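Working notes, beginning with the structure itself.
In our numbering, the protein residues as written are 81 to 546.
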(Lines of atoms letter the chains of each structure in order from A and count residues from 1; the text may use other names and numbers.)
(Lines give C-alpha, C1' and ligand atoms only; values in the text may rest on other atoms or scores of the structure.)
Protein backbone atom coordinates (compact mmCIF):
# COMPACT_ATOMS: atom_id res chain seq x y z
CA UNK A 1 0.00 0.00 0.00
CA UNK A 2 1.28 3.46 -0.93
CA UNK A 3 2.52 5.54 2.01
CA UNK A 4 1.41 9.15 1.67
CA UNK A 5 2.77 12.29 3.30
CA UNK A 6 0.56 13.80 6.00
CA UNK A 7 -0.01 17.50 5.34
CA UNK A 8 1.75 19.92 7.68
CA UNK A 9 1.88 23.71 8.03
CA UNK A 10 4.50 24.02 5.28
CA UNK A 11 2.18 22.25 2.84
CA UNK A 12 -0.73 24.49 3.81
CA UNK A 13 1.48 27.53 3.40
CA UNK A 14 2.33 26.42 -0.14
CA UNK A 15 -1.36 25.95 -1.01
CA UNK A 16 -2.14 29.43 0.34
CA UNK A 17 0.68 30.87 -1.76
CA UNK A 18 -0.80 29.33 -4.91
CA UNK A 19 -4.38 30.33 -4.10
CA UNK A 20 -5.65 33.19 -2.00
CA UNK A 21 -5.74 32.07 1.67
CA UNK A 22 -9.52 32.29 1.93
CA UNK A 23 -9.79 29.54 -0.69
CA UNK A 24 -7.81 27.05 1.40
CA UNK A 25 -9.37 25.32 4.39
CA UNK A 26 -7.88 22.71 6.70
CA UNK A 27 -8.98 20.45 9.54
CA UNK A 28 -12.20 21.43 11.30
CA UNK A 29 -12.62 24.43 8.97
CA UNK A 30 -13.63 22.02 6.19
CA UNK A 31 -17.40 21.52 6.00
CA UNK A 32 -18.47 17.93 6.60
CA UNK A 33 -20.40 18.13 3.32
CA UNK A 34 -17.03 17.42 1.69
CA UNK A 35 -16.60 14.18 3.66
CA UNK A 36 -19.15 12.25 1.59
CA UNK A 37 -21.13 12.21 -1.65
CA UNK A 38 -24.90 12.12 -2.28
CA UNK A 39 -25.62 8.77 -0.62
CA UNK A 40 -23.35 9.47 2.33
CA UNK A 41 -22.43 5.87 3.14
CA UNK A 42 -18.72 6.42 2.55
CA UNK A 43 -17.10 9.15 4.66
CA UNK A 44 -13.55 10.44 4.94
CA UNK A 45 -12.14 13.92 5.52
CA UNK A 46 -9.52 15.61 3.35
CA UNK A 47 -6.63 17.28 5.16
CA UNK A 48 -6.98 20.38 3.01
CA UNK A 49 -9.73 21.73 0.75
CA UNK A 50 -8.70 24.05 -2.08
CA UNK A 51 -11.23 25.93 -4.20
CA UNK A 52 -9.29 26.23 -7.45
CA UNK A 53 -9.90 28.92 -10.07
CA UNK A 54 -7.56 28.05 -12.94
CA UNK A 55 -5.65 25.35 -14.77
CA UNK A 56 -2.42 26.96 -13.65
CA UNK A 57 -3.37 26.61 -10.00
CA UNK A 58 -4.28 22.97 -10.51
CA UNK A 59 -0.99 22.35 -12.31
CA UNK A 60 1.11 23.88 -9.52
CA UNK A 61 -0.77 21.96 -6.83
CA UNK A 62 -0.44 18.65 -8.69
CA UNK A 63 3.30 19.22 -9.24
CA UNK A 64 3.72 19.86 -5.51
CA UNK A 65 1.62 16.83 -4.60
CA UNK A 66 3.67 14.69 -6.99
CA UNK A 67 6.98 15.87 -5.54
CA UNK A 68 5.78 15.33 -1.96
CA UNK A 69 3.70 12.18 -2.43
CA UNK A 70 0.41 13.75 -1.34
CA UNK A 71 -2.90 12.23 -2.51
CA UNK A 72 -5.29 14.51 -4.44
CA UNK A 73 -9.04 14.06 -4.88
CA UNK A 74 -10.88 16.15 -7.53
CA UNK A 75 -14.48 17.05 -6.67
CA UNK A 76 -17.35 18.78 -8.41
CA UNK A 77 -20.80 19.06 -6.80
CA UNK A 78 -20.54 15.83 -4.81
CA UNK A 79 -23.68 14.34 -6.38
CA UNK A 80 -22.05 10.97 -7.07
CA UNK A 81 -23.37 7.74 -5.59
CA UNK A 82 -20.29 5.50 -5.28
CA UNK A 83 -17.79 7.49 -3.20
CA UNK A 84 -15.63 8.54 -6.16
CA UNK A 85 -15.26 12.11 -4.85
CA UNK A 86 -14.44 11.15 -1.26
CA UNK A 87 -10.85 11.68 -0.02
CA UNK A 88 -10.23 8.17 1.29
CA UNK A 89 -6.58 8.89 2.11
CA UNK A 90 -6.96 12.49 3.26
CA UNK A 91 -4.58 14.76 1.41
CA UNK A 92 -5.75 17.59 -0.83
CA UNK A 93 -9.27 17.89 -2.19
CA UNK A 94 -9.65 20.15 -5.24
CA UNK A 95 -13.07 21.80 -5.32
CA UNK A 96 -13.96 22.79 -8.91
CA UNK A 97 -17.28 24.48 -8.17
CA UNK A 98 -15.82 27.96 -8.84
CA UNK A 99 -14.29 26.94 -12.19
CA UNK A 100 -17.72 27.36 -13.71
CA UNK A 101 -17.30 29.61 -16.73
CA UNK A 102 -18.43 29.25 -20.32
CA UNK A 103 -15.39 29.97 -22.48
CA UNK A 104 -16.52 29.73 -26.10
CA UNK A 105 -19.70 28.93 -28.02
CA UNK A 106 -18.74 28.10 -31.61
CA UNK A 107 -21.95 28.06 -33.64
CA UNK A 108 -20.15 27.10 -36.86
CA UNK A 109 -18.51 23.99 -35.45
CA UNK A 110 -21.39 23.54 -32.98
CA UNK A 111 -19.10 23.18 -29.97
CA UNK A 112 -19.15 24.59 -26.46
CA UNK A 113 -15.93 25.10 -24.52
CA UNK A 114 -16.35 25.40 -20.76
CA UNK A 115 -14.82 24.76 -17.36
CA UNK A 116 -15.58 21.58 -15.39
CA UNK A 117 -17.58 23.30 -12.64
CA UNK A 118 -20.42 24.42 -14.94
CA UNK A 119 -23.70 22.82 -13.88
CA UNK A 120 -25.51 20.55 -16.29
CA UNK A 121 -28.75 22.52 -16.03
CA UNK A 122 -26.91 25.73 -16.95
CA UNK A 123 -25.57 24.19 -20.14
CA UNK A 124 -29.09 23.64 -21.45
CA UNK A 125 -30.08 27.23 -20.63
CA UNK A 126 -26.94 28.61 -22.25
CA UNK A 127 -27.14 26.86 -25.63
CA UNK A 128 -30.88 26.59 -26.31
CA UNK A 129 -31.39 30.32 -27.13
CA UNK A 130 -28.91 29.69 -29.95
CA UNK A 131 -31.08 26.80 -31.23
CA UNK A 132 -28.44 24.32 -30.09
CA UNK A 133 -28.86 21.25 -27.94
CA UNK A 134 -26.68 19.25 -25.55
CA UNK A 135 -28.41 15.83 -25.52
CA UNK A 136 -27.04 13.92 -22.45
CA UNK A 137 -29.64 14.14 -19.69
CA UNK A 138 -28.57 12.58 -16.37
CA UNK A 139 -31.23 12.77 -13.69
CA UNK A 140 -29.19 15.04 -11.39
CA UNK A 141 -29.27 18.41 -13.16
CA UNK A 142 -27.21 20.09 -10.41
CA UNK A 143 -24.24 17.85 -11.20
CA UNK A 144 -21.21 19.52 -12.78
CA UNK A 145 -20.15 18.73 -16.33
CA UNK A 146 -16.75 17.67 -14.98
CA UNK A 147 -18.43 15.02 -12.86
CA UNK A 148 -20.50 13.91 -15.85
CA UNK A 149 -17.38 13.52 -17.98
CA UNK A 150 -15.47 11.71 -15.23
CA UNK A 151 -18.28 9.15 -14.83
CA UNK A 152 -19.32 9.06 -18.50
CA UNK A 153 -22.86 9.85 -17.37
CA UNK A 154 -25.75 8.59 -19.47
CA UNK A 155 -29.23 9.64 -18.50
CA UNK A 156 -32.69 9.43 -19.92
CA UNK A 157 -32.00 10.46 -23.52
CA UNK A 158 -29.24 7.89 -24.06
CA UNK A 159 -31.53 5.49 -25.93
CA UNK A 160 -31.66 7.91 -28.89
CA UNK A 161 -28.71 10.27 -28.47
CA UNK A 162 -26.05 8.30 -26.63
CA UNK A 163 -23.99 9.16 -23.55
CA UNK A 164 -21.54 11.83 -22.40
CA UNK A 165 -18.58 10.26 -24.19
CA UNK A 166 -20.38 10.73 -27.52
CA UNK A 167 -20.37 14.52 -26.97
CA UNK A 168 -16.88 15.17 -25.65
CA UNK A 169 -14.75 16.57 -28.48
CA UNK A 170 -11.73 17.70 -26.53
CA UNK A 171 -10.21 17.98 -23.06
CA UNK A 172 -7.55 19.94 -21.26
CA UNK A 173 -6.06 17.73 -18.55
CA UNK A 174 -3.53 18.24 -15.79
CA UNK A 175 -1.53 15.03 -15.32
CA UNK A 176 -0.57 13.75 -11.85
CA UNK A 177 2.90 15.33 -12.13
CA UNK A 178 1.48 18.75 -13.04
CA UNK A 179 2.00 18.69 -16.80
CA UNK A 180 -0.85 20.14 -18.87
CA UNK A 181 -1.99 18.38 -22.03
CA UNK A 182 -4.76 18.84 -24.56
CA UNK A 183 -6.40 15.92 -26.32
CA UNK A 184 -9.02 16.07 -29.06
CA UNK A 185 -10.40 19.47 -30.04
CA UNK A 186 -13.15 21.01 -32.15
CA UNK A 187 -12.50 18.60 -34.99
CA UNK A 188 -15.27 16.14 -35.90
CA UNK A 189 -12.96 13.25 -36.90
CA UNK A 190 -9.64 12.10 -35.53
CA UNK A 191 -7.62 8.97 -36.29
CA UNK A 192 -4.32 10.37 -35.03
CA UNK A 193 -2.93 7.74 -32.70
CA UNK A 194 -4.45 6.41 -29.49
CA UNK A 195 -7.65 8.10 -28.36
CA UNK A 196 -6.41 9.47 -25.03
CA UNK A 197 -9.49 11.67 -24.69
CA UNK A 198 -11.73 8.67 -24.26
CA UNK A 199 -9.41 7.20 -21.62
CA UNK A 200 -10.05 10.25 -19.43
CA UNK A 201 -13.81 10.13 -20.00
CA UNK A 202 -15.17 7.77 -17.34
CA UNK A 203 -11.85 7.51 -15.46
CA UNK A 204 -13.33 9.01 -12.27
CA UNK A 205 -10.41 11.37 -11.72
CA UNK A 206 -7.83 8.59 -11.43
CA UNK A 207 -5.73 9.39 -14.53
CA UNK A 208 -5.74 13.17 -14.77
CA UNK A 209 -7.55 16.29 -13.61
CA UNK A 210 -9.89 17.71 -16.26
CA UNK A 211 -9.73 21.52 -16.38
CA UNK A 212 -11.42 22.34 -19.71
CA UNK A 213 -13.98 20.52 -21.83
CA UNK A 214 -15.08 20.94 -25.44
CA UNK A 215 -18.58 19.56 -26.00
CA UNK A 216 -20.28 18.70 -29.26
CA UNK A 217 -23.73 20.23 -29.75
CA UNK A 218 -26.50 19.42 -32.23
CA UNK A 219 -29.43 21.44 -33.61
CA UNK A 220 -32.22 21.94 -31.08
CA UNK A 221 -35.28 19.77 -31.85
CA UNK A 222 -38.30 21.99 -32.45
CA UNK A 223 -41.01 19.69 -31.18
CA UNK A 224 -41.34 17.39 -28.17
CA UNK A 225 -44.08 15.15 -26.85
CA UNK A 226 -44.32 12.65 -24.00
CA UNK A 227 -46.50 9.61 -23.43
CA UNK A 228 -47.32 8.16 -20.03
CA UNK A 229 -48.44 4.56 -20.55
CA UNK A 230 -49.91 2.57 -17.62
CA UNK A 231 -49.66 -1.23 -17.62
CA UNK A 232 -51.29 -3.80 -15.33
CA UNK A 233 -47.89 -5.02 -14.08
CA UNK A 234 -44.19 -4.35 -14.42
CA UNK A 235 -43.47 -7.42 -16.55
CA UNK A 236 -45.91 -6.38 -19.28
CA UNK A 237 -44.55 -2.81 -19.20
CA UNK A 238 -40.92 -3.88 -19.57
CA UNK A 239 -41.77 -6.53 -22.14
CA UNK A 240 -43.28 -3.84 -24.35
CA UNK A 241 -40.04 -1.85 -24.56
CA UNK A 242 -38.34 -3.73 -27.45
CA UNK A 243 -41.56 -3.48 -29.48
CA UNK A 244 -41.78 0.26 -28.75
CA UNK A 245 -38.24 0.87 -29.94
CA UNK A 246 -38.81 -1.11 -33.14
CA UNK A 247 -42.23 0.37 -33.85
CA UNK A 248 -41.19 3.75 -35.20
CA UNK A 249 -38.44 6.33 -34.98
CA UNK A 250 -36.43 5.77 -31.82
CA UNK A 251 -37.94 7.48 -28.76
CA UNK A 252 -35.76 10.07 -27.08
CA UNK A 253 -36.30 8.35 -23.74
CA UNK A 254 -37.95 5.16 -22.50
CA UNK A 255 -38.26 5.11 -18.71
CA UNK A 256 -40.00 2.56 -16.49
CA UNK A 257 -41.44 3.15 -13.05
CA UNK A 258 -43.53 1.36 -10.47
CA UNK A 259 -46.53 2.74 -8.59
CA UNK A 260 -44.70 2.78 -5.24
CA UNK A 261 -42.03 5.11 -6.63
CA UNK A 262 -44.67 7.42 -8.12
CA UNK A 263 -46.47 7.63 -4.78
CA UNK A 264 -43.19 8.46 -3.05
CA UNK A 265 -42.53 11.24 -5.60
CA UNK A 266 -46.03 12.65 -5.13
CA UNK A 267 -45.51 12.85 -1.39
CA UNK A 268 -42.02 14.30 -1.76
CA UNK A 269 -43.09 17.00 -4.24
CA UNK A 270 -46.57 17.52 -2.79
CA UNK A 271 -47.82 17.30 -6.37
CA UNK A 272 -50.09 14.81 -8.08
CA UNK A 273 -48.81 12.64 -10.92
CA UNK A 274 -51.15 12.51 -13.96
CA UNK A 275 -52.10 8.95 -13.04
CA UNK A 276 -51.14 6.64 -10.16
CA UNK A 277 -53.71 3.88 -10.46
CA UNK A 278 -51.67 1.27 -12.35
CA UNK A 279 -48.92 -0.96 -10.99
CA UNK A 280 -46.35 0.01 -13.64
CA UNK A 281 -45.72 2.67 -16.25
CA UNK A 282 -43.60 3.51 -19.25
CA UNK A 283 -42.72 7.16 -19.77
CA UNK A 284 -41.76 7.89 -23.37
CA UNK A 285 -40.56 11.07 -25.05
CA UNK A 286 -40.26 11.84 -28.74
CA UNK A 287 -38.56 14.85 -30.28
CA UNK A 288 -37.86 16.02 -33.81
CA UNK A 289 -37.78 18.86 -36.29
CA UNK A 290 -41.39 18.58 -37.48
CA UNK A 291 -44.77 18.04 -35.87
CA UNK A 292 -45.60 15.45 -38.52
CA UNK A 293 -42.56 13.37 -37.53
CA UNK A 294 -43.59 13.45 -33.87
CA UNK A 295 -47.26 12.68 -34.56
CA UNK A 296 -46.37 9.66 -36.68
CA UNK A 297 -44.01 8.32 -34.02
CA UNK A 298 -46.31 8.66 -31.04
CA UNK A 299 -49.44 7.40 -32.83
CA UNK A 300 -47.59 4.28 -33.96
CA UNK A 301 -46.16 3.63 -30.50
CA UNK A 302 -49.43 4.37 -28.69
CA UNK A 303 -51.28 1.85 -30.86
CA UNK A 304 -48.56 -0.75 -30.31
CA UNK A 305 -48.63 -0.27 -26.52
CA UNK A 306 -52.39 -0.80 -26.43
CA UNK A 307 -51.98 -3.98 -28.48
CA UNK A 308 -49.43 -5.17 -25.89
CA UNK A 309 -51.77 -4.71 -22.95
CA UNK A 310 -51.41 -1.06 -21.93
CA UNK A 311 -54.38 0.18 -19.93
CA UNK A 312 -54.34 3.64 -21.51
CA UNK A 313 -52.07 6.21 -23.12
CA UNK A 314 -51.82 9.72 -21.69
CA UNK A 315 -50.45 12.34 -24.08
CA UNK A 316 -48.41 15.27 -22.81
CA UNK A 317 -47.95 17.77 -25.64
CA UNK A 318 -47.27 21.09 -23.90
CA UNK A 319 -44.13 22.36 -22.20
CA UNK A 320 -46.02 22.67 -18.91
CA UNK A 321 -47.28 19.09 -18.97
CA UNK A 322 -43.92 17.73 -20.05
CA UNK A 323 -42.19 19.63 -17.27
CA UNK A 324 -44.64 18.23 -14.72
CA UNK A 325 -44.05 14.65 -15.85
CA UNK A 326 -40.28 14.87 -15.99
CA UNK A 327 -40.00 16.86 -12.76
CA UNK A 328 -41.67 13.91 -11.03
CA UNK A 329 -39.31 11.49 -12.77
CA UNK A 330 -36.32 13.62 -11.78
CA UNK A 331 -37.43 13.54 -8.13
CA UNK A 332 -37.56 9.74 -7.85
CA UNK A 333 -34.13 9.37 -6.26
CA UNK A 334 -34.70 12.08 -3.65
CA UNK A 335 -38.21 10.77 -2.98
CA UNK A 336 -36.97 7.25 -2.30
CA UNK A 337 -34.14 8.60 -0.17
CA UNK A 338 -36.62 10.63 1.90
CA UNK A 339 -38.75 7.54 2.55
CA UNK A 340 -36.09 5.57 4.43
CA UNK A 341 -33.24 5.91 6.90
CA UNK A 342 -30.47 4.91 4.50
CA UNK A 343 -30.16 3.33 1.08
CA UNK A 344 -27.70 2.04 -1.46
CA UNK A 345 -27.97 1.53 -5.19
CA UNK A 346 -27.25 -1.04 -7.86
CA UNK A 347 -26.61 0.87 -11.11
CA UNK A 348 -26.60 -2.24 -13.26
CA UNK A 349 -26.86 -2.44 -17.05
CA UNK A 350 -28.08 -5.51 -18.94
CA UNK A 351 -28.91 -6.20 -22.58
CA UNK A 352 -32.33 -4.82 -23.45
CA UNK A 353 -33.59 -8.35 -24.12
CA UNK A 354 -33.14 -9.21 -20.41
CA UNK A 355 -34.48 -6.06 -18.74
CA UNK A 356 -37.84 -7.61 -17.80
CA UNK A 357 -36.16 -10.74 -16.47
CA UNK A 358 -33.71 -8.78 -14.35
CA UNK A 359 -36.33 -6.43 -12.87
CA UNK A 360 -38.55 -9.39 -11.99
CA UNK A 361 -35.56 -11.05 -10.31
CA UNK A 362 -34.70 -7.88 -8.39
CA UNK A 363 -38.25 -7.56 -7.12
CA UNK A 364 -38.21 -11.18 -5.91
CA UNK A 365 -35.28 -10.38 -3.60
CA UNK A 366 -37.58 -8.36 -1.34
CA UNK A 367 -39.23 -11.54 -0.07
CA UNK A 368 -36.02 -13.57 -0.13
CA UNK A 369 -34.04 -11.11 2.00
CA UNK A 370 -36.89 -9.36 3.86
CA UNK A 371 -35.92 -5.90 2.68
CA UNK A 372 -37.65 -3.13 0.74
CA UNK A 373 -36.40 -2.64 -2.83
CA UNK A 374 -37.44 0.09 -5.25
CA UNK A 375 -36.49 0.37 -8.90
CA UNK A 376 -36.76 2.66 -11.89
CA UNK A 377 -34.51 3.34 -14.81
CA UNK A 378 -33.74 3.60 -18.47
CA UNK A 379 -35.56 0.65 -19.97
CA UNK A 380 -34.60 1.71 -23.47
CA UNK A 381 -30.88 1.13 -22.90
CA UNK A 382 -30.99 -1.49 -20.14
CA UNK A 383 -29.58 0.76 -17.40
CA UNK A 384 -31.57 -0.03 -14.26
CA UNK A 385 -31.46 1.66 -10.87
CA UNK A 386 -32.25 -0.73 -8.02
CA UNK A 387 -32.41 0.83 -4.55
CA UNK A 388 -32.13 -1.24 -1.38
CA UNK A 389 -33.71 0.55 1.62
CA UNK A 390 -32.52 0.16 5.17
CA UNK A 391 -35.70 1.33 6.96
CA UNK A 392 -35.43 0.12 10.59
CA UNK A 393 -32.72 -2.51 10.15
CA UNK A 394 -29.92 -2.41 12.72
CA UNK A 395 -26.54 -1.42 11.29
CA UNK A 396 -25.02 -4.91 11.41
CA UNK A 397 -28.09 -6.51 9.83
CA UNK A 398 -28.24 -3.77 7.20
CA UNK A 399 -24.65 -4.37 6.13
CA UNK A 400 -25.19 -8.14 5.93
CA UNK A 401 -28.43 -7.74 3.97
CA UNK A 402 -26.88 -5.23 1.60
CA UNK A 403 -23.98 -7.58 0.87
CA UNK A 404 -26.17 -10.57 -0.01
CA UNK A 405 -28.62 -8.50 -2.07
CA UNK A 406 -25.77 -6.93 -4.05
CA UNK A 407 -24.18 -10.34 -4.57
CA UNK A 408 -27.45 -11.64 -6.00
CA UNK A 409 -28.05 -8.58 -8.20
CA UNK A 410 -24.58 -8.32 -9.69
CA UNK A 411 -24.30 -12.08 -10.05
CA UNK A 412 -27.54 -12.21 -12.03
CA UNK A 413 -26.50 -9.25 -14.17
CA UNK A 414 -23.25 -11.01 -15.02
CA UNK A 415 -25.15 -14.18 -15.98
CA UNK A 416 -27.31 -12.09 -18.34
CA UNK A 417 -24.31 -10.49 -20.04
CA UNK A 418 -24.56 -7.20 -18.14
CA UNK A 419 -22.12 -5.02 -16.25
CA UNK A 420 -21.74 -3.45 -12.82
CA UNK A 421 -22.40 0.19 -13.76
CA UNK A 422 -24.25 1.85 -16.59
CA UNK A 423 -23.50 5.46 -15.68
CA UNK A 424 -22.61 6.10 -12.03
CA UNK A 425 -19.12 4.63 -12.11
CA UNK A 426 -17.29 2.36 -9.69
CA UNK A 427 -15.70 4.74 -7.19
CA UNK A 428 -15.01 2.97 -3.92
CA UNK A 429 -18.35 1.29 -3.26
CA UNK A 430 -18.49 -0.97 -6.30
CA UNK A 431 -14.87 -2.12 -6.50
CA UNK A 432 -15.48 -5.73 -5.38
CA UNK A 433 -18.24 -6.17 -7.93
CA UNK A 434 -16.10 -4.83 -10.78
CA UNK A 435 -13.37 -7.32 -9.90
CA UNK A 436 -15.93 -10.13 -10.03
CA UNK A 437 -17.41 -9.02 -13.36
CA UNK A 438 -14.21 -8.59 -15.39
CA UNK A 439 -11.46 -11.08 -16.13
CA UNK A 440 -8.04 -10.77 -14.47
CA UNK A 441 -6.53 -9.90 -17.85
CA UNK A 442 -8.88 -6.95 -18.30
CA UNK A 443 -8.33 -5.72 -14.73
CA UNK A 444 -4.59 -6.11 -15.29
CA UNK A 445 -4.71 -3.91 -18.39
CA UNK A 446 -6.65 -1.27 -16.46
CA UNK A 447 -4.02 -1.33 -13.73
CA UNK A 448 -1.33 -0.89 -16.38
CA UNK A 449 -3.09 2.20 -17.73
CA UNK A 450 -3.29 3.65 -14.21
CA UNK A 451 0.39 2.87 -13.66
CA UNK A 452 1.36 4.58 -16.93
CA UNK A 453 -0.45 7.80 -16.03
CA UNK A 454 0.02 7.83 -12.26
CA UNK A 455 2.88 5.56 -11.12
CA UNK A 456 2.88 7.16 -7.66
CA UNK A 457 -0.87 6.53 -7.25
CA UNK A 458 -1.52 10.00 -5.86
CA UNK A 459 -4.58 10.87 -7.98
CA UNK A 460 -7.87 9.80 -6.39
CA UNK A 461 -6.34 6.69 -4.81
CA UNK A 462 -8.55 3.88 -3.56
CA UNK A 463 -11.00 4.12 -6.45
CA UNK A 464 -12.11 1.67 -9.17
CA UNK A 465 -9.78 -1.28 -8.47
CA UNK A 466 -6.67 -0.35 -6.45
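Quick reminder that beta carbons are idealized off the backbone N, C-alpha and C, glycines included. Small disclaimer: the values here were computed from a predicted structure and weren't measured.
Determine the contact status of residue 455 and residue 439, defining contact as a CB-CB distance below 8 Å. Yes.
Expressed to the nearest angstrom, what Euclidean distance is found between the alpha-carbon atoms of residue 168 and residue 282? Cα to Cα, residue 168 sits roughly 19 Å from residue 282.
At which residues does the alpha helix (DSSP H) containing residue 203 begin and terminate? Element bounds for residue 203: 200–207.
Does the count of Cβ pairs from the stretch 287–302 and the stretch 246–266 closer than 8 Å reach three? The stretch 287–302 is in contact with the stretch 246–266.
Should the stretch 474–481 be called in touch with the stretch 515–530, which here means at least 3 C-beta pairs below 8 Å? No, because fewer than three Cβ pairs between the stretch 474–481 and the stretch 515–530 fall closer than 8 Å, the two stretches do not touch.
Could you tell me which of 146, 110 and 115 sits nearest to residue 633, measuring between CA atoms? For the chain, the structure presents residues 81 to 546; residue 633 sits outside this window and is missing.
Is it right to say residue 471 is buried, meaning 16 or more other beta carbons lie within 10 angstroms of its own, or is it exposed? Here residue 471 is exposed. Its C-beta has fewer than 16 other C-beta atoms within 10 Å.
Count the other CB atoms, across all protein chains shown, that sit within 10 Å of the CB of residue 90; report buried if there are 16 or more and exposed otherwise. So residue 90 counts as exposed.
Any idea if residue 333 is buried or exposed, counting beta-carbon neighbours within 10 angstroms, 16 or more meaning buried? Within a 10 Å sphere around the beta-carbon of residue 333 sit 16 or more other beta-carbons, which makes this residue buried.
According to DSSP, simplified to helix, strand and coil, what is residue 222? Three-state result, residue 222: coil.
So the candidates are 97, 104, 157 and 120; which of them puts its Cα closest to the Cα of residue 417? When C-alpha distances from residue 417 are compared across 97, 104, 157 and 120, the shortest belongs to 120.
Start-to-end residues for the beta strand (DSSP E) that takes in residue 361: Counting along the chain, residue 361 sits inside the beta strand (DSSP E) bounded by residues 360–368.
With a Cβ-Cβ cutoff of 8 Å, do residue 239 and residue 460 count as a contact? Cβ atoms of residue 239 and residue 460: closer than 8 Å.
Tell me the residue span of the alpha helix (DSSP H) that contains residue 154. Here residue 154 belongs to no alpha helix (DSSP H); instead the beta strand (DSSP E) covers 152–155.
Do residue 317 and residue 362 have their C-beta atoms closer together than 8 Å? Yes, they are a contact pair.
Quick check: what's the CA-CA separation for residue 175 versus residue 155? Note on geometry: alpha-carbon atoms of residue 175 and residue 155 lie some 5 Å from one another.
Starting from the Cα of residue 492, find the closest Cα among 516, 536 and 153 and give me that residue. It is 516.
Please identify the residue among 248, 324 and 128 whose C-alpha is closest to the C-alpha of residue 276. Nearest option by C-alpha distance: 248.
Quick one, which of 323, 370 and 229 has its alpha-carbon nearest residue 381's? Looking at the Cα atoms, 323 is the closest of the given residues.
Closest to residue 410 by CA distance: which of 344, 110, 356 and 449 is it? Distances from the alpha-carbon of residue 410 to those of 344, 110, 356 and 449 put 344 closest.
According to DSSP, is residue 457 part of a helix, a strand, or is it coil? Three-state result, residue 457: strand.
Cβ atoms of residue 198 and residue 137: under 8 Å apart, would you say? For residue 137 and residue 198, no; Cβs fall outside 8 Å.
Nearest neighbour of residue 427, chosen from 507, 366 and 351 [CA to CA]: Of 507, 366 and 351, the residue nearest in Cα terms is 507.
Mind checking who residue 182 pairs with in its DSSP beta bridge? Beta-bridge pairing links residue 182 to 194.
Residue 119 by DSSP, collapsed to three states: which one? In the three-state scheme derived from DSSP, where H, G and I count as helix and E and B as strand, residue 119 is classed as coil.
Please list the segments of the beta strand (DSSP E) lying wholly inside the stretch 417–483, counting only runs of 3 or more residues, in order along the chain. DSSP runs (the beta strand (DSSP E)) wholly in the stretch 417–483: 423–429, 452–458 and 463–469.
Under a Cβ-count criterion, where at least 16 other Cβ atoms within 10 Å of its own Cβ denotes burial, should residue 341 be classed as buried or exposed? For residue 341, the number of other beta carbons within 10 angstroms of its own is at least 16, and it is reported as buried.
Need the endpoints of the beta strand (DSSP E) that residue 125 sits in, please. Premise fails: residue 125 is in no beta strand (DSSP E) and is neither H nor E.
If you drop the 5 nearest sequence neighbours on each side, which residues of the same chain put their C-beta closer than 6 Å to that of residue 422? Closer than 6 Å at the Cβ level, and outside the excluded window around residue 422, lie 470.
Hey, how far is the Cα of residue 74 from the Cα of residue 103? In this structure the chain extends from 81 to 546, so residue 74 is not present and cannot be described.
DSSP state of residue 311 mapped onto helix, strand, coil: If DSSP states are grouped into helix, strand and coil, residue 311 belongs with the strands.
Got a sec, what are the start and stop residues for the alpha helix (DSSP H) residue 410 sits in? For residue 410, the enclosing alpha helix (DSSP H) has its first and last residue at 399–410.
Please report the residue range of the alpha helix (DSSP H) in which residue 187 lies. No alpha helix (DSSP H) holds residue 187; DSSP gives it neither H nor E.
Endpoints, alpha helix (DSSP H) assigned at residue 517: Residues 511–517.
Under 6 Å Cβ to Cβ from residue 237, same chain only, skipping five residues before and after it: list those, please. Within the same chain, residue 237 has close Cβ partners 215, 217, 332 and 333.
CA nearest to the CA of residue 173, picked from 373, 152, 181 and 182: Looking at the Cα atoms, 152 is the closest of the given residues.
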